[in-house]
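Whatever position you read off the sequence shown (first residue = 1), add 54 for our numbering.
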Amino acid sequence: MQDSNPQKPTSDPTTGASRRSFIKGSSLLLAGGTVANTLPVARAAHAFGSDTIKIGLVGCGGRGTGAANQAMDTTGGDVRLTCMADIFEDRIQQSLRSIKGEHGDKVDVTDDTRYTGLEGYKRILDSDIDLVILATAPGFRPTHFEAAVEAGKHVFAEKPVATDAPGVRRVIAASEKAKEKNLAVQIGLQRHHEVAYRETIDQLKNGAIGDILFCRAYWNGGGVWTRVRQPQQTEIEYQLRNWYYFNWLCGDHIVEQHIHNLDVINWLMDGHPVTAQGAGGRQVRVGPDSGQIYDHHTIEYTYANGVRLLSMCRHQPDCWNAVSEWAHGTKGWCDISGGKIYDHNDKLVWKTDGKRNGHAEEHVDLFALLRAGEIPNEGKYGAESTMTSIMGRMATYSGKELKWDECYNSNLALADFDNIKSIDDEAPVKPDANGNYPIPTPGTKEGVL
Numbered sequence: 055m056q057d058s059n060p061q062k063p064t065s066d067p068t069t070g071a072s073r074r075s076f077i078k079g080s081s082l083l084l085a086g087g088t089v090a091n092t093l094p095v096a097r098a099a100h101a102f103g104s105d106t107i108k109i110g111l112v113g114c115g116g117r118g119t120g121a122a123n124q125a126m127d128t129t130g131g132d133v134r135l136t137c138m139a140d141i142f143e144d145r146i147q148q149s150l151r152s153i154k155g156e157h158g159d160k161v162d163v164t165d166d167t168r169y170t171g172l173e174g175y176k177r178i179l180d181s182d183i184d185l186v187i188l189a190t191a192p193g194f195r196p197t198h199f200e201a202a203v204e205a206g207k208h209v210f211a212e213k214p215v216a217t218d219a220p221g222v223r224r225v226i227a228a229s230e231k232a233k234e235k236n237l238a239v240q241i242g243l244q245r246h247h248e249v250a251y252r253e254t255i256d257q258l259k260n261g262a263i264g265d266i267l268f269c270r271a272y273w274n275g276g277g278v279w280t281r282v283r284q285p286q287q288t289e290i291e292y293q294l295r296n297w298y299y300f301n302w303l304c305g306d307h308i309v310e311q312h313i314h315n316l317d318v319i320n321w322l323m324d325g326h327p328v329t330a331q332g333a334g335g336r337q338v339r340v341g342p343d344s345g346q347i348y349d350h351h352t353i354e355y356t357y358a359n360g361v362r363l364l365s366m367c368r369h370q371p372d373c374w375n376a377v378s379e380w381a382h383g384t385k386g387w388c389d390i391s392g393g394k395i396y397d398h399n400d401k402l403v404w405k406t407d408g409k410r411n412g413h414a415e416e417h418v419d420l421f422a423l424l425r426a427g428e429i430p431n432e433g434k435y436g437a438e439s440t441m442t443s444i445m446g447r448m449a450t451y452s453g454k455e456l457k458w459d460e461c462y463n464s465n466l467a468l469a470d471f472d473n474i475k476s477i478d479d480e481a482p483v484k485p486d487a488n489g490n491y492p493i494p495t496p497g498t499k500e501g502v503l
């Protein structure tokens with residue numbers, strides 16, 4: 055399947071010293087000396103030590119390929135890729151070519167361990183791998199995640215972990231089951247693994263800007279790729295190839311991308327928002343090739359402590375762009391993403407020198423813990439940040455002020471994911487006679503939650 059994160063991050067090489075400090079003394083003391091209270095771990099009966107860890111990849115787009123490479127970049131023992139699965143053979147070929155170019159000596163994938171189709175993931179989970187990377191389009195994440203836990207595999211799952219509330223609840227339940235089975239669950243919300251973010255969040259929680267009054271979060275950019283419909287494609291194959299534009303697969307860009315920024319504010323607030331209201335729509339994203347998703351969302355979230363968050367995400371070219379988070383308090387303000395704190399006279403009073411290579415560090419941290427016999431479980435906060443994003447989408451699609459409980463307990467499933475097994479199956483959404491797909495119109499909750 056295609057890439058579950060169409061924008062590539064930059065990354066810096068990690069240092070041996072920071073990795074040693076990660077595990078030294080306590081599993082909760084991370085690089086930079088930050089207590090990882092948002093990264094819960096348990097002690098396992100088995101530590102991998104320097105033993106080989108076998109991994110499988112489900113979803114061979116850019117993010118899945120990157121995650122596999124980053125897993126094999128880690129030190130402390132061998133990490134070997136033994137099997138791969140994707141709906142489409144061409145995606146496996148491209149991914150395998152890329153991975154072999156970086157880690158050819160660590161790739162044991164053969165023709166017999168390459169699995170195509172919508173049920174190829176089952177073959178991966180039937181193998182003798184220790185850990186599976188789940189990086190398909192997000193709609194399938196709950197199905198794949200549940201199956202991975204049932205199969206007894208450690209899991210690295212890309213964000214978001216679902217596209218609807220029933221999927222979120224499934225992931226939370228499966229995460230609890232993973233705890234019972236001593237299985238690692240790590241979610242691709244990599245800012246939690248960046249020293250720069252951890253140090254900055256610690257400063258804010260320790261009162262560096264006083265009481266927090268309000269926050270801001272942005273993911274504004276020019277948009278993402280589109281793929282032209284091919285004459286031979288079935289409707290569902292077209293949607294799978296263009297997964298970003300269909301809510302059952304992507305969840306809209308507020309869920310697929312902006313989750314990173316919303317997750318940071320949840321981290322700072324030690325919880326999820328309790329209400330949301332907002333507006334959004336489609337101004338430049340028009341026509342059949344634009345699927346269903348909006349091109350802009352603006353939401354006001356309110357947290358249990360009364361702090362409000364202004365959230366904005368936009369896919370429109372030639373506009374003001376930003377991917378950032380900000381906090382404003384009684385003593386000053388903070389550019390969270392930049393790792394800088396200012397007083398009310400705009401004088402810089404603190405900045406971090408921490409690393410920002412989260413996509414690499416999340417794998418370094420995960421494999422270091424597994425080798426030390428520690429079992430991280432990030433399932434709950436990953437699911438709650440996913441639900442925060444879905445709640446925002448529900449607010450803009452409906453035009454209503456919504457409460458967390460009504461959104462979280464929604465039974466609206468965007469597709470019957472467990473029973474989609476072939477590219478010849480019926481698509482969950484269908485175009486009209488002009489090729490246009492149904493677009494939510496604000497003013498009602500019907501069909502939204």
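Just so you know, even glycine gets a beta-carbon here, dropped at the ideal spot from N, CA and C.
Look at the region 300-373 and you find these whole runs of beta strand (DSSP E), each 3 residues long or longer: 327-335, 350-357, 362-369. Residue range 289-295 is occupied by the alpha helix (DSSP H) that includes Gln293. Boundaries cannot be given for Ser476, as no beta strand (DSSP E) includes it and DSSP labels it neither H nor E. Within the DSSP secondary-structure output, Met448 pairs in no beta bridge. Here DSSP, grouped into helix, strand and coil, assigns Pro196 to helix.
Per DSSP, the continuous beta strand (DSSP E) segment holding Ile187 begins and ends at 185-188. Inter-segment contact for the region 187-206 and the region 105-121 is present: three or more beta-carbon pairs are separated by less than 8 Å.
Around the Cβ of Leu402, a 10 Å sphere holds fewer than 16 other Cβ atoms; the residue is exposed.
As a beta-bridge residue in DSSP terms, Met138 pairs with Leu111, Arg168. Around the beta carbon of Asp140, 16 or more other beta carbons sit within 10 angstroms, so the residue counts as buried.
Spatial neighbours of Ile493 in its own chain (CB-CB distance under 7 Å, excluding positions within 5 residues in sequence) are listed in chain order as Arg336, Gln346.
His413 and Trp321 do not touch by the CB rule: their CB atoms are close to 17 Å apart, not below 8 Å. Of all alpha-carbon atoms in Ala238, Ile183, Asn260, Tyr175, the one lying nearest the alpha-carbon of Arg195 is that of Tyr175. Under the three-state reduction of DSSP output, Ile226 falls in the helix class. Shown here for Gly408: same chain residues with a beta carbon closer than 6 Å to its own, the five before and five after excluded, namely Gly86, Val249, Ala250, Glu253 in chain order. When C-alpha distances from Asn260 are compared across Asp419, Ala219, Met323, Gly116, the shortest belongs to Met323. Around the CB of His398, fewer than 16 other CB atoms lie within 10 Å, so the residue is classed as exposed. Proximity to Met445 across Asp218, Gly171, Ala101, Thr164 peaks at Asp218, based on C-alpha coordinates. By a beta-carbon distance limit of 8 Å, Ile353 contacts Ala449. Their separation comes to about 6 Å. Of the candidates Glu480, Val338, Arg339, the residue whose Cα lies closest to the Cα of Leu294 is Glu480. In the displayed model, Glu212 falls within coil according to three-state DSSP, outside both helix and strand. Within the DSSP bridge table, the entry for Tyr251 names no partner.
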